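Asks:
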Ligand code: ADP
Ligand code: MG
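Numbering (UniProt numbering), first residue to last: 1 to 408.
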C-alpha cells in the first residue's frame with residue numbers, strides 16, 4: 001500500500017468551494033494509486049461558528065474553574081464536524097470514505113488534558129479501512145487516554161496528528177495543506193516579498209516553527225524527523241509544488257546534504273513577550289539565588305525563554321499574559337527587577353550559520369541601520385535570536401530579510 005497522509009487546516013475547510021478543492025486533491029491521490037489518510041482541523045478560525053475558539057467562548061465566565069476533561073470533550077467537537085462534512089463531500093465524488101475520531105484511529109495519549117502527548121499509535125483500524133478501499137478521514141488535534149478519556153493535543157495539534165500517523169503508518173509522505181504555497185523566508189503577512197523555499201531541512205523548519213513561524217507545529221516536525229518521513233507543505237488552492245522538508249536534496253544522490261547551499265533559510269518572529277532583568281549583585285550565594293528564581297517561575301507554571309545568566313543579573317522573557325504574575329512573585333521574593341513589556345523575539349534561522357563568520361555582524365548592522373535597538377541576543381549553530389521592542393518588530397524582520405538577500 002502506498003500510504004499518504006494529507007492534512008488540511010481550518011481555512012482549507014471553511015467553505016463548500018474549498019472543501020470541494022480538498023476533495024479533489026484527495027481524489028487525485030486515490031487515482032494515482034495512493035491510500036490517503038486525511039487529517040482535518042476544525043472549520044475556520046476564531047469567530048467562525050464551528051471553530052474551536054468559538055466553542056470555548058460558550059463556557060467562558062460561567063465558572064472560574066472550567067473542568068479540563070469536559071473542555072477537551074468540547075474542543076474535540078470541531079474536528080468531528082469538519083470530518084463529517086468532508087466525508088460527505090468525498091462520497092459525493094463517488095469515493096468510499098470513513099471518519100475516525102483520534103481514539104478510533106488509535107491515537108493513545110497521556111492524561112494531560114488540553115495539552116496531551118501522544119504515547120503511541122495503534123493503527124490497526126486505519127489499516128483495515130484502507131485495505132477495504134476507504135479513504136480514512138481522521139479528526140486532528142485529539143486522542144484518547146488508556147482509560148478511554150478524550151484528550152486534545154494543544155496548539156498545532158492537527159499537524160502533530162498528521163505526523164504521528166505518518167510515522168505509525170510508514171507513509172510515503174506527510175502533506176500539510178494550508179493557505180500559503182509553502183514555507184516562506186518570512187511570514188508573508190509581514191514581508192511582502194517573502195519567497196517560497198523549495199527545500200528546507202527538518203532542523204531549519206523546526207527552528208523556524210519554534211521561533212514563531214506558525215505554518216507548521218515544531219512537534220510535528222520532530223515526530224516526522226525521527227523516522228525521516230518527508231514532509232511537504234503545500235497550498236490547498238494552487239498547484240505550486242510547495243516546500244519539501246527532508247534531510248536530503250531531492251535532485252541529488254540520496255544522502256547529499258543540503259545544508260551548505262545557503263546561510264540563512266528564513267526569519268521568524270514571536271510578539272508579545274516581556275523581558276525581566278533581575279539584579280543579583282547583592283546575592284551572597286549567586287547559584288542558589290539563580291536556582292530560586294527559576295524554581296519560583298516553574299512552580300507558578302510560568303515558562304521562561306531567552307534565558308541569560310550573568311555574573312550580576314539573570315535575564316529572561318515570559319509571555320506578556322503572565323508578566324504581572326511573574327512581577328508579583330519576584331516582588332514577594334524581594335528582588336530588584338527591571339521589566340520591559342511588549343517586546344518581540346526576532347530570529348534568523350539557517351543550517352549554514354554554523355562556522356560562517358560575520359553573520360552576527362551583518363545582523364547587528366542591519367538592525368542598527370534600521371534604527372532598531374537590540375535588548376538581548378543569543379545564538380546557536382542554526383539560529384541567532386534578538387529581542388527588540390515590539391514596535392520595532394516589523395522593521396527588524398524586513399531589514400533582516402533584505403540584508404540576507406532573502407528576497408532574491
Ligand atoms: P492552518 O490553519 O492551515 O494550519 P496556519 O495559520 O496554522 O494554517 O499556518 C499558515 C500561516 O502561517 C500562513 O497564513 C502565514 O501567515 C503563517 N506563516 C508564518 N510564518 C510563515 C512562514 N515562514 N512561511 C509560511 N507561512 C508562514
Ligand atoms: Mg496550523
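Virtual Cβ for every residue (Gly too), placed ideally from N, Cα, C. This one's a predicted model, so the numbers in the text were calculated from it and none came from an experiment.
Once the 5 residues before and after residue 143 are set aside, which same chain residues still bring their CB inside 7 angstroms of it?
Replies: Result list for residue 143: 102, 103, 107, 108, 109, 116, 118, 151 and 153, in chain order.
Asks: Return the residue from the list 399, 193 and 339 that minimises the CA-CA distance to residue 375.
Replies: With distances taken between Cα atoms, residue 375 lies closest to 339.
Asks: What separation, rounded to the nearest whole angstrom, lies between the Cα atoms of residue 3 and residue 362?
Replies: Residue 3 and residue 362: Cα-Cα distance of roughly 45 angstroms.
Asks: Quick check: what's the CA-CA separation for residue 51 versus residue 19?
Replies: Between residue 51 and residue 19, the C-alpha separation is close to 15 angstroms.
Asks: With a cut-off of 8 angstroms, do at least 3 Cβ pairs link the region 176-185 to the region 227-236?
Replies: Enough Cβ pairs lie closer than 8 angstroms, so yes.
Asks: Can you find at least 3 beta carbon pairs, one from the region 391-401 and one from the region 358-373, that sit closer than 8 angstroms?
Replies: Output reads yes: the region 358-373 touches the region 391-401.
Asks: Tell me whether residue 252 sits in a helix, a strand or coil according to DSSP, three-state version.
Replies: Any reading at residue 252 must be qualified, since the residue scores a pLDDT of 43, below 50, and its modelled position is unreliable; no value is offered.
Asks: Please report the residue range of the beta strand (DSSP E) in which residue 272 lies.
Replies: Run containing residue 272: 266-279, per the beta strand (DSSP E) assignment.
Asks: Can residue 157 be considered in contact with the ligand NAP, in the sense that its beta carbon sits closer than 7 angstroms to one or more heavy atoms?
Replies: Among the ligands modelled here, namely the ligand ADP and the ligand MG, the ligand NAP does not occur.
Asks: Any idea what DSSP makes of residue 306, helix, strand or coil?
Replies: Looking at residue 306 - three-state DSSP - the assignment turns out to be strand.
Asks: What ranges does the beta strand (DSSP E) occupy inside the region 70-149, keeping only unbroken runs of at least 3 residues that lie completely in it?
Replies: Counting whole runs of 3 or more residues, the region 70-149 contains the beta strand (DSSP E) stretches 97-100, 107-109, 118-121, 135-139 and 142-144.
Asks: Hey, quick one: how far does the beta strand (DSSP E) through residue 395 stretch, first residue to last?
Replies: Where residue 395 is concerned, there is no enclosing beta strand (DSSP E), although the alpha helix (DSSP H) it sits in stretches over 393-403.
Asks: Taking 7 angstroms as the cut-off, is the C-beta of residue 214 nearer than that to any heavy atom in the ligand ADP?
Replies: Result yes, Cβ under 7 angstroms from the ligand ADP.
Asks: Could you name the residues that DSSP lists as bridge partners for residue 417?
Replies: Any property of residue 417 remains undetermined from this structure, which presents the chain solely from 1 to 408.
Asks: Sort out for me which residues DSSP pairs residue 343 with in a bridge.
Replies: BP columns for residue 343 point to 273 and 389.
Asks: Kindly examine the ligand MG and report whether one of its heavy atoms sits closer than 7 angstroms to the Cβ of residue 166.
Replies: Incorrect: residue 166 has no Cβ contact closer than 7 angstroms to the ligand MG.
Asks: Taking the alpha helix (DSSP H) that residue 7 belongs to, which residues open and close that run?
Replies: Looking at the DSSP string, residue 7 is not in any alpha helix (DSSP H); the run it does join, the beta strand (DSSP E), is 3-8.
Asks: Helix, strand or coil: how does DSSP classify residue 68 here?
Replies: In the structure shown, residue 68 sits in a helix (DSSP, three-state: H, G or I).
Asks: Whether or not the region 327-335 and the region 197-206 are in contact is what I'm after, with contact meaning three or more pairs of Cβ atoms, one per stretch, closer than 8 angstroms; do they touch?
Replies: Because the criterion of three Cβ pairs below 8 angstroms is not met, the region 197-206 and the region 327-335 do not touch.
Asks: Tell me, to the nearest whole angstrom, how far the beta carbon of residue 99 is from that of residue 87; I am working on the premise that it is less than 8 angstroms.
Replies: Right, the Cβ-Cβ distance comes to about 5 angstroms (below 8 angstroms), so this counts as a contact.
Asks: Please report the residue range of the alpha helix (DSSP H) in which residue 211 lies.
Replies: Neither: residue 211 is in no alpha helix (DSSP H) and is coded neither H nor E.
Asks: Between the Cα of residue 69 and the Cα atoms of 105, 276 and 114, which residue gives the shortest distance?
Replies: Taking only the C-alpha atoms, the option nearest residue 69 is 114.
Asks: For residue 410, which of helix, strand or coil comes out of DSSP?
Replies: Given a span of 1 to 408 for the chain in the structure shown, any question on residue 410 remains unanswerable.
Asks: Hey, would you say residue 329 sits closer than 8 angstroms to residue 300, going by beta carbons?
Replies: For residue 329 and residue 300, yes; Cβs fall inside 8 angstroms.
Asks: Give a yes or no on whether the C-beta atoms belonging to residue 400 and residue 185 are separated by under 8 angstroms.
Replies: No, these two residues do not count as a Cβ contact at 8 angstroms.
Asks: Any contact between the region 342-356 and the region 215-228? By contact I mean 3 or more CB pairs, one from each, below 8 angstroms.
Replies: Verdict: no, contact absent.
Asks: Excluding the 5 residues preceding and the 5 following residue 208 in the sequence, name in chain order all residues of the same chain whose CB lies nearer than 6 angstroms to its CB.
Replies: Excluding positions up to five away in sequence, the list reads 266, 268 and 349.
Asks: Using 8 angstroms for Cβ pairs, my map puts residue 165 next to residue 135. What's the rounded Cβ distance?
Replies: Actually they do not touch by this definition, with Cβ atoms about 14 angstroms apart.
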